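Undergrad:
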Amino acid sequence: MNFFDRLHDRIRTVDSIVSVGLDPDPSRIPDHLQEYDLPRWAFNRRIIDATHEHAAVFKPNAAFYEDPDGWRALEETIAYAHGKDVPVLLDAKRADIGNTTRQYAKLLETVDAITVNPYMGRDSLQPFLADEESGVFVLCRTSNPGGADIQDLELETGEPVYERVAALADLWNENDNVGLVVGATQPKELEDLREQVPDLPFLVPGIGAQGGDAEAAVEHGLANGVGLVNSSRGIIFAGEDDGEEFASASGQAAKRLKKRLNRYRLN
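Here this note's numbering runs 3 ahead of the position in the sequence shown, where the first position is 1.
#1: Taking only runs of the alpha helix (DSSP H) that begin and end inside the region 93-149, which ones reach a length of at least 4 residues, in chain order?
#2: Between L158, P208, A220, N265, which lies nearest to P190 when the distance is taken from Cα to Cα?
#3: Considering only DSSP beta bridges, list what V181 is partnered with.
#4: By the DSSP assignment, the alpha helix (DSSP H) with V17 in it spans what residues?
#5: Mind the definition here: the region 11-27 touches the region 39-58 only if three or more C-beta pairs lie below 8 Å; say whether that holds.
#6: What did DSSP end up calling P42 once you bin it into helix, strand or coil?
#7: Taking just the CA atoms, how far does T16 sit from T54?
#8: Output needed for Y68: all residues of its chain with C-beta closer than 8 Å, excluding positions within five of it in sequence on either side, in chain order.
#9: Is the Cβ-Cβ distance between D134 and L111 less than 9 Å?
#10: Is it buried or exposed, I100, if we count other Cβ atoms within 10 angstroms and call 16 or more buried?
#11: Give the secondary structure of A187 by DSSP, where H, G and I count as helix, E and B as strand, and everything else as coil.
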């Protein structure tokens, strides 16, 4: 089974398309966890315990782990999530050429899927695309306002850059392991891209703190019932003012988002 087959089963098991983003900003980790050897791991473990029954995947962002203790915390986090039978999608946005991209692709030995940047072309992504068991989410139309600076530029063909990226990703999907990152803050683009690539699952960020369109995320983000809607800060810091009980609020936030999204899945 490849990643999307496993994700399909996970979605059915927990009746959820929620991706819980594990972005443990050290400045926001509760004070009582700061005394631990690996505060980020201590934080993530409690978030995982509180949210795993509502999570289709956990999505750690590599930016919050790129130091020696951070990588240790990430390794523990991945192993613990897998112990709960939850797939791990590493939000790393990697890509390069030659030996460099082959080294980046080794990350897939420990996680189930990864996000990649397409702007150096197919050869920069080939080692990821060649891994038949892992998922590869290609940045397409991102949720940040500045995404329009490049992604909306019109090519000579009349199509915007993000539509060309989607078309290329569809061509690169020879192993049925490719999805797209399409932000919930761009509902019209979500709809247009779903019509263009009906079979590619989307990872939809921008729900929660960024105020994205949840209904559009569900209606257009899923391909044959498979897709992900991510919330990071809106879940993991929901109990930021609750001291040692912070994780309980995170569990409730994940549950609320699951129910909110499922309303649109059922309609």
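From the three backbone atoms N, C-alpha and C, an ideal C-beta is built for every residue, glycine too.
This one's a predicted model, so the numbers in the text were calculated from it and none came from an experiment.
TA: Straight from the coordinates:
#1: 101-108, 125-132
#2: A220
#3: In DSSP, V181 forms a bridge with V139.
#4: V17: member of the alpha helix (DSSP H) spanning 6-17, first to last residue.
#5: Contact holds: three or more Cβ-Cβ distances are below 8 Å.
#6: helix
#7: 14 Å
#8: The answer, listed in chain order, is R43, W74, A76, L77.
#9: yes
#10: exposed
#11: coil
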